[in-house]
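Our numbering puts the first residue of the sequence shown at 12, with every later residue one more than the last. C-beta atoms are modelled at their ideal positions from N, C-alpha and C, and glycine is treated no differently. Right, one structure below, let's go through it.
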Amino acid sequence: MKIDLKKTYGSIEWVFVERMLQHLNFPPKLIGLIMQCITTPTYSIVLNGQPLGYFKGRRGLRQGDPISPLPFILCMEYLSRLLDEVCSYPGFHFHPLFKKLKLVHLVFADDLLIFCKGDLRSIVSIMEVFKCFSAASSLQISSEKSDIIFNGLDSSLATSILDYTDNICLKGASILDYTPTSYSSWSWRKICEVKDKMLSGYFNDKWLGGEAAYTIDSGYKWLSPSAPGRVPWYTEVWNKFNIPKHNFILWLIKQGSLLTLDRLVKMGIATNQLCYICGVADETHSHLFSECGYTKRCYRMLADWLSMQVTDVLEGSVVLRMRQLSGFRRLLICEMSDAIQYRVWNSRNICRVDGYVIHPRKMLQDIRADCKLRLQVLSLGCINPSDKLWCTTLGIM
Ligand SMILES: [Zn+2]
């Protein structure tokens, strides 16, 4: 089943959002702030070009409000957990292909795919879950945009399922012949496009020599023969010496996805894009993580400590190419360089919220302590004597 929800943002109950936040143990103060943001909109109607008075909203999240997707995702988590429980309902059977995985549903925002065996009892169990979810949240299934796809089901059973789920639009008998309607969502149409492309490839191009059985692996390779391998910064970001919490921020930095001020200005959330720390240039990724005077100072201190050139430690990927160093030292120095990136972002956030900047000397002390702890945690086997001496001299072993 491909389920679409009606007016998802507009009809969600506030009390449901609040209860979800409470049950997920969000701090009461934060819940108060979130509810304040959600429950205070007023609306006005424009009549003959003139706005007439105001009235308060009673439910729903505002479309376009940056906070809206977050509580909405939490509400969908409720549905997701209900669907996880459906497998314990008496008479519910998994879809034969997903029995091993115990997979009942896949959800992306408000797009929902549900898989189960084509018997009435299983469909009834799924519909029970939706009744329960609709009663709690006020979200309803949109029948125009939802589909059920049967495969290999006898027509009388299909008709009884049709009767039971009368508010869902039902289409063809096989996924291979299925064509999405113009009401179908963008993501569902994209999935169907791939299905059609692979179908024509299988029969017309005979990518499996027209004989071999289909496998996901062969299908993927046929669809994207030049699928990119590892990105150039793979080793740097997923370096085993890195503190795990640094990896995610580093990954975002490499993709230029952190919400720096230049991006916030483009989104209309901020008006000033001057760097919080130095105040002399725009806060872009390249400024904050390499050109900012503060960042350069941090790198200079790291380079001095390691008796190296600043240019050598400025990028983890540069360090990794330094063949004159042992693999152990390269990874460890790369970790320190990456730690600066993470801590500069942290420092920028502290500066934004609390108005002060972490001193580079303090940053270096923290990095040194982190390194020491990381080496203990990793409990590496034998390290060659010269690397060991190097670590002892630096005070991290
Ligand atoms: Zn700056």
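What are the residues that DSSP puts in a beta bridge with residue i?
i, result
"residue 124", "13, 117"
"residue 28", "DSSP output for residue 28 lists no bridge partner at all."
"residue 61", "58"
"residue 202", "DSSP lists no partner for residue 202."
"residue 285", "293"
"residue 67", "53"
"residue 369", "Residue 369 is not bridged to any residue."
"residue 78", "Bridge partners of residue 78: none, in fact."
"residue 152", "16"
Does the beta-carbon distance from residue i to residue j come in below 8 Å?
i, j, result
"residue 23", "residue 83", "yes"
"residue 103", "residue 133", "yes"
"residue 118", "residue 91", "yes"
"residue 14", "residue 123", "yes"
"residue 269", "residue 263", "yes"
"residue 296", "residue 286", "no"
"residue 42", "residue 32", "yes"
"residue 257", "residue 121", "no"
"residue 279", "residue 289", "no"
"residue 382", "residue 407", "yes"
"residue 143", "residue 93", "yes"
Whole-angstrom Cβ separation of residue i and residue j, contact assumed at under 8 Å?
i, j, result
"residue 115", "residue 135", "Rounded, the Cβ-Cβ distance is 14 Å, inconsistent with contact."
"residue 326", "residue 253", "Actually they are not in contact, since the Cβ atoms of residue 326 and residue 253 sit about 15 Å apart, beyond 8 Å."
"residue 52", "residue 68", "5 Å"
"residue 352", "residue 300", "5 Å"
"residue 368", "residue 306", "Not a contact, Cβ separation roughly 11 Å."
"residue 49", "residue 25", "6 Å"
"residue 161", "residue 129", "6 Å"
"residue 340", "residue 401", "7 Å"
"residue 230", "residue 209", "6 Å"
Where residue i and residue j are concerned, what is the direct C-alpha to C-alpha distance, given to the nearest angstrom?
i, j, result
"residue 336", "residue 247", "16 Å"
"residue 182", "residue 198", "A caution first: residue 182 carries a pLDDT of 46, below 50, which makes its placement in the model unreliable, though a value can still be read off. The alpha-carbon atoms of residue 182 and residue 198 are separated by roughly 18 Å."
"residue 390", "residue 283", "47 Å"
"residue 311", "residue 321", "5 Å"
"residue 363", "residue 141", "44 Å"
"residue 324", "residue 344", "7 Å"
"residue 294", "residue 224", "53 Å"
"residue 157", "residue 202", "15 Å"
"residue 63", "residue 74", "22 Å"
"residue 188", "residue 34", "44 Å"
"residue 260", "residue 61", "48 Å"
"residue 380", "residue 319", "20 Å"
"residue 228", "residue 234", "10 Å"
"residue 108", "residue 196", "24 Å"
"residue 372", "residue 378", "10 Å"
"residue 29", "residue 148", "11 Å"
"residue 251", "residue 375", "20 Å"
"residue 370", "residue 150", "50 Å"
"residue 36", "residue 190", "44 Å"
"residue 366", "residue 207", "56 Å"
"residue 12", "residue 137", "10 Å"
"residue 204", "residue 159", "18 Å"
"residue 17", "residue 76", "19 Å"
"residue 328", "residue 397", "23 Å"
"residue 177", "residue 106", "In this prediction, residue 177 scores a pLDDT of 44, lower than 50, which makes its location untrustworthy; the coordinate-derived value is nonetheless stated afterwards. Looking at the two C-alpha atoms, the distance is approximately 21 Å."
"residue 87", "residue 394", "49 Å"
"residue 242", "residue 291", "33 Å"
"residue 358", "residue 237", "40 Å"
"residue 99", "residue 89", "17 Å"
"residue 316", "residue 255", "24 Å"
"residue 226", "residue 232", "10 Å"
"residue 387", "residue 313", "21 Å"
"residue 39", "residue 66", "28 Å"
"residue 70", "residue 95", "27 Å"
"residue 54", "residue 281", "24 Å"
"residue 111", "residue 78", "37 Å"
"residue 308", "residue 200", "51 Å"
"residue 384", "residue 277", "40 Å"
"residue 338", "residue 332", "10 Å"
"residue 27", "residue 19", "13 Å"
"residue 244", "residue 403", "29 Å"
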